[in-house]
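K.L.:
Line by line, the protein sequences are chains A and B. Numbering-wise (my numbering), the first sequence opens with residue 1 and increments by one. Numbering-wise (my numbering), the second sequence opens with residue 1001 and increments by one.
Protein chains: 2
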Amino acid sequence: MHLSKRGEYGLRAMIMLAKAPVDEKRLTIGEIAREENIPAKFLEQILLSLKNAGLLQSKMGAGGGYYLARPPEQITLGEIKRTLDGPIAPIRCVSQMAYQSCGCPDEENCGLRLVMQDVRDAIADILDNTSLADVQARITN
Amino acid sequence: MHLSKRGEYGLRAMIMLAKAPVDEKRLTIGEIAREENIPAKFLEQILLSLKNAGLLQSKMGAGGGYYLARPPEQITLGEIKRTLDGPIAPIRCVSQMAYQSCGCPDEENCGLRLVMQDVRDAIADILDNTSLADVQARITN
DNA sequence: TTAAATTCTAGTAAAACAATAGGGTTAGTA
DNA sequence: TACTAACCCTATTGTTTTACTAGAATTTAA
């Protein structure tokens, strides 16, 4: 579960969007890039992916920008991470999204696989149960 | 916490060495490579790294081979994984082994960091508390 | 009409990954 | 003493992924 720059930047941007006051909830790429120290053209691609995944919405043209597609309580870090970095599982044979056999003779009794399944579940448990609102709550309290 | 081929092969080899009967505990690169379908020359490098990290011992020359440096109860998957794939943390700012600032203005109150810290701890908790003996126990029962 | 903004695709340099290659050293055995 | 089986060690190579960068097209507000 390495977090790439792509994933990191996307999560930071989403967290920033979640914390923006309701009346100015629409933020531009430039604003986010400046605040979070992210290369603007790179962030552009990332936000576009998040939009295509249905996590963001946007308004084009002057005065436009990005805003969350759903309230912060309903967007999890797991969704964001998967969108940007792909499956969460450490190895394909325990992936829910992108299962692929590892070629063991007997997968059911593969010790490595059983442990990696636990790891996957532990990570998914955190990421899929932490919403953008939960992230806010942890720092504002 | 992605598991690279290097990490996967190393873990499989260590698990195989842990399960070998005591009287024939010394296995050659060739034997392990054949049994686990691992390119032999790649495995060679991996076992050498594990040896240099103090997790394996070896005997050179004809009739030689590799064997665990400690009993299976005393070697954790965490040690093996770290040796072969480096730090377990998903992002450097929560790494115990290789900490590095991510450049936030206030790391203590960085929401992303707090969550990633939880993820790191969850992974490390599993890997550092699962020994090679524990892996055996899970499949032989 | 102009300027501010997103959209979309392509390209690229550097690093990481997954091997492969090959010569060197050690040790058992015929 | 050869010979052979095994580990030791370092370098190289091809592929893929990562982290950007570039630029042209489109939309919208003023």
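Every residue, glycine too, gets a C-beta built ideally from N, C-alpha and C. All of these numbers come straight from a predicted model, not from anything done at the bench.
May I ask you to list, following chain order, the residues of the stretch 1087 to 1099 of chain B that have a beta carbon less than 8 Å from some beta carbon of chain A?
P.N.:
P1090, I1091
K.L.:
Could you check whether the stretch 47 to 63 of chain A touches the stretch 86 to 102 of chain A, counting it as contact only if at least three pairs of C-beta atoms, one from each stretch, sit closer than 8 Å?
P.N.:
no
K.L.:
8 Å is my cut-off, CB to CB: does L1011 of chain B come that close to chain A?
P.N.:
yes
K.L.:
Is the number of C-beta pairs between the stretch 1118 to 1129 of chain B and the stretch 114 to 128 of chain A that are closer than 8 Å three or more?
P.N.:
yes
K.L.:
Would you tell me roughly how many angstroms separate the C-alpha atoms of Y1066 of chain B and R1026 of chain B, rounded to the nearest one?
P.N.:
5 Å
K.L.:
Mind listing the chain A neighbours of E1107 of chain B? Cutoff is C-beta to C-beta under 8 Å, in chain order.
P.N.:
Near E1107 of chain B there are no residues of chain A at all, since even the closest Cβ is about 11 Å away, more than 8 Å.
K.L.:
Thinking K19 of chain A and Q136 of chain A are a contact (beta carbons under 8 Å), I'd like their distance in whole angstroms, please.
P.N.:
6 Å
K.L.:
With DSSP run on the structure shown, which of helix, strand or coil describes S1147 of chain B?
P.N.:
It is not possible to answer for residue 1147 of chain B, since the shown part of chain B is limited to 1001 through 1141.
K.L.:
Quick one: residues in its chain with C-beta nearer than 8 Å to the C-beta of A53 of chain A, no 5 flanking neighbours on either side, listed in chain order?
P.N.:
E79, T83
K.L.:
Measuring only the C-alpha atoms, how far is L1003 of chain B from T140 of chain A?
P.N.:
If you draw a straight line from the Cα of L1003 of chain B to the Cα of T140 of chain A, it comes to about 35 Å.
K.L.:
In this structure, does DSSP put S101 of chain A in helix, strand or coil?
P.N.:
coil
K.L.:
Once you ignore the five residues that flank I15 of chain A on each side, which residues in its own chain have a CB closer than 7 Å to its CB?
P.N.:
L132, V135
K.L.:
Reducing DSSP to helix, strand and coil, say where S1131 of chain B ends up.
P.N.:
strand
K.L.:
So which residues on chain A does I1015 of chain B lean against when the C-beta distance must stay under 7 Å?
P.N.:
G111, L112
K.L.:
Please tell me whether A1062 of chain B and L1043 of chain B are closer than 8 Å, where the distance is taken between their beta carbons.
P.N.:
no
K.L.:
Roughly how many whole angstroms lie between the Cα atoms of T1076 of chain B and G1111 of chain B?
P.N.:
Distance between the alpha carbons of T1076 of chain B and G1111 of chain B: 31 Å.
K.L.:
Just to make sure I have the definition right: I need the residues of chain B whose C-beta is within less than 8 Å of the C-beta of I126 of chain A. Which are they?
P.N.:
V1115, D1118, V1119, A1122
K.L.:
Go ahead and label M1097 of chain B buried or exposed: buried means 16 or more other beta carbons lie within 10 angstroms of its beta carbon, across all protein chains shown.
P.N.:
exposed
K.L.:
Taking the alpha carbon of L1011 of chain B as the point to measure from, which residue in B:N1129, B:E1036, B:P1090 has its own alpha carbon closest?
P.N.:
B:E1036
K.L.:
Would you please state the rounded distance, in angstroms, between the beta carbons of P90 of chain A and M1 of chain A? I believe it to be under 8 Å.
P.N.:
6 Å
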